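Q: Taken in order, the sequence shown gives residues 43 to 474; the numbers are from this note's numbering. No residue lacks a Cβ here, since even glycine has one placed at the ideal position from N, Cα and C. A quick note: this is a predicted structure, and the numbers were derived from the prediction, not measured.
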Amino acid sequence: MTVTKLSGRDLYNAIGQPKTIVAPMVDQSELAWRILSRRYGAELCYTPMFHAKLFATDENYRRKMWSKWDGDTDKDRPLVVQFCANDPEYLLQAAQHIEHQCDAVDLNLGCPQGIARKGNYGAFLMDDWDLVYKLIRKLHENLKCPVTAKIRVYDDWEKSLAYAKMVLSAGAQFITIHGRTREMKGQATGLANWKILRYLRDNLPSDQVFFANGNILYPSDLARCTDEVACDAVMSAEGNLYNPGVFWTQTDDRDKQFARVDHMLREYFEIVKTCPGEASRTAMKAHFFKLLHAFLCVHTELRPVIGKTSVHADFDVWESIVQKVEGLVAEIYAKPDIAEVDVITESELQPWGGRYKNVPYWRCQPYFRVVNGEKQNARTLKVAASEEVSVNTGGEKGQKEEKKRPAEEDASVQSKRTKEADVGAEPEPAST
């Protein structure tokens, strides 16, 4: 007998009809980051991807991943907890540990990395629909909170639709669809396809709660995505990681939408210092690199300083780094021409419907990956599930358009970031 719980639209209404969502990201959407993101307009947050078997059986792993503030009614809601899994029993056991501390549990069906292939989870379950159904159904029938799912698309639109329908029939109450295929990762990431998302939206039940994921660079992209896909809400991963202000649409305040890096870094650091548990602390170095990515291109002397600092170093050591950033930005604002250079300009309207923005390097901004040694605006990039370049992602049918590719919603990678960070490596951004 299925446990009675809120379903679909009732659940969405109960958590406030969120429009802006922080994506589940490996070791990156932890408590401190969620608190910061909510201050800048995120209305729903997902946890990082947790490994279901480890969460179910390893108390040390669970203690590292989950603290007394995670899922707290006042500090961390609404919240969806995401697991990767390939065993229904372990998935249920893991989810039961936190079913009273979240609004829903999400199954990761989107991670395309080699670690997911080896472990047989994430996007590689797209090859085993029976197992996907059993995983979702197990939660739906036994868990006291609702279950949701996050998927990727196939190149075949009809197969993508059949897959989404199966996921929903198993018991998923929300569905998040990332408009990229499983093969689109790393240097082959390419562009998410909003056209296939709209096709799926139009061919699923009209009352189905549907979240879109992919190609969010600026706050203005949120409304554009909502309009073109007709989705209930928009999810962002890397757009949020590099600029938490990507969710700010309440005003045109540039200090919210493209905050000064010294202000954002200070605010985030102060949050980390208050958070219990290990997850927020161990994620801190990676967040420093991402918030400062444009700043470090100019002030390169800071990169090795951050890289050589252990995530376990005393907060006083990290405080000195924050102060160095604050001092450098203060020097910028002491210059007589600051009013002339501290401006954000826009390009002309692009074929994909938006405008690129030129943001001063001392403000938070999107990240554009270099692929094969070339800037992304100097190459043609594949659009998911299409041989064409769609209108929303750069050009008319059949036209090849040079297009900046956002680092948005790249795929998940194995949880080795803390080790990499302690030897000075800047971890690659990741979402699930």
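Excluding the five sequence neighbours on either side, which residues of its own chain have a C-beta within less than 6 Å of the C-beta of V74, listed in chain order?
A: Counted from its first residue, the sequence shown places residue 74 at position 32. In the sequence as displayed, the identity of residue 74 is Ala instead of Val. I313, V314, C317 and S322.
Q: Please determine, among P120, Q135, E72 and I374, the residue with the shortest C-alpha to C-alpha distance to W108.
A: Here residue 108 is taken as the residue at index 66 of the sequence shown, counted from 1. Looking at the Cα atoms, E72 is the closest of the given residues.
Q: Rounded to whole angstroms, what is the Cα-Cα separation between N162 and N128?
A: Taking the first residue of the sequence shown as 1, we reach residue 162 at position 120. Taking the first residue of the sequence shown as 1, we reach residue 128 at position 86. Roughly 7 Å separates the two Cα atoms.
Q: At what residue ranges does the stretch 314-389 contain a whole run of the beta strand (DSSP E), taking only runs of 3 or more?
A: Listed in chain order, there is nothing to give.
Q: Thinking C-beta only, is Y409 closer than 8 Å to H335?
A: Here the question's residue 335 lines up with position 293 in the sequence shown. Here the question's residue 409 lines up with position 367 in the sequence shown. Going by C-beta atoms, H335 is nearer than 8 Å to Y409.
Q: The alpha helix (DSSP H) spanning A212 covers which residue range?
A: To locate residue 212, count along the sequence shown from 1; it is residue 170. Per DSSP, A212 belongs to the alpha helix (DSSP H) from W199 to A212.
Q: Roughly how many angstroms separate the alpha carbons of K207 and Y88, rounded to a whole number?
A: Counting from one through the sequence shown, the residue named residue 207 turns up at place 165. Counting from one through the sequence shown, the residue named residue 88 turns up at place 46. Rounded to whole angstroms, K207 to Y88 spans 23 Å at the Cα level.
Q: Are at least three pairs of beta-carbons, each pair with one atom in the stretch 162-179 and one in the stretch 139-148, less than 8 Å apart?
A: Segments in contact, no.
Q: Would you decide whether K377 is buried or exposed? Buried here means 16 or more other CB atoms lie within 10 Å of its CB.
A: Counting from one through the sequence shown, the residue named residue 377 turns up at place 335. It counts as exposed.
Q: Does K95 pass the burial test, meaning 16 or more other C-beta atoms within 10 Å, or should it be called exposed?
A: The count along the sequence shown starts at 1 and reaches residue 95 at position 53. Result: buried.
Q: Excluding the 5 residues preceding and the 5 following I348 in the sequence, name in chain order all residues of the same chain whose CB lies nearer than 7 Å to its CB.
A: In the sequence shown, residue 348 corresponds to position 306, counting from 1. The answer, listed in chain order, is K327, F330, F331 and I363.
Q: Over the uninterrupted beta strand (DSSP E) stretch that includes N255, give me the two end residues.
A: Numbered from 1 along the sequence shown, position 213 holds the residue referred to as residue 255. V251 to N255 is the extent of the beta strand (DSSP E) around N255.
Q: Considering only heavy atoms of the ligand FMN, does any lie closer than 7 Å to the CB of A376?
A: In terms of ligand content, the structure shown is empty, and the ligand FMN therefore cannot be addressed.
Q: Identify which residue in G232, S211, G213 and A212 has its Cα closest to the Cα of H220.
A: Position 178 of the sequence shown, counted from the start, is the residue given in the question as residue 220. Nearest of G232, S211, G213 and A212 to H220, Cα basis: G232.
Q: Going by CA-CA distance only, name the one from W404, W290, M91 and T387 that's closest to A372.
A: Against the sequence shown, residue 372 aligns to sequence position 330. Closest option to A372, Cα to Cα, is W404.
Q: Expressed to the nearest angstrom, what Euclidean distance is found between the alpha-carbon atoms of N55 and T223?
A: Looking up residue 55 in the sequence shown gives position 13. Looking up residue 223 in the sequence shown gives position 181. If I take the Cα positions, the gap works out to 30 Å.
Q: Closest to L121 by C-alpha separation, out of H142, K106 and R104, would be which residue?
A: Taking the first residue of the sequence shown as position 1, residue 121 is located at position 79. Among H142, K106 and R104, the Cα nearest to that of L121 belongs to H142.
Q: Would DSSP call G287 helix, strand or coil?
A: By 1-based counting over the sequence shown, the position of residue 287 is 245. In this structure, G287 counts as helix in the three-state DSSP scheme.
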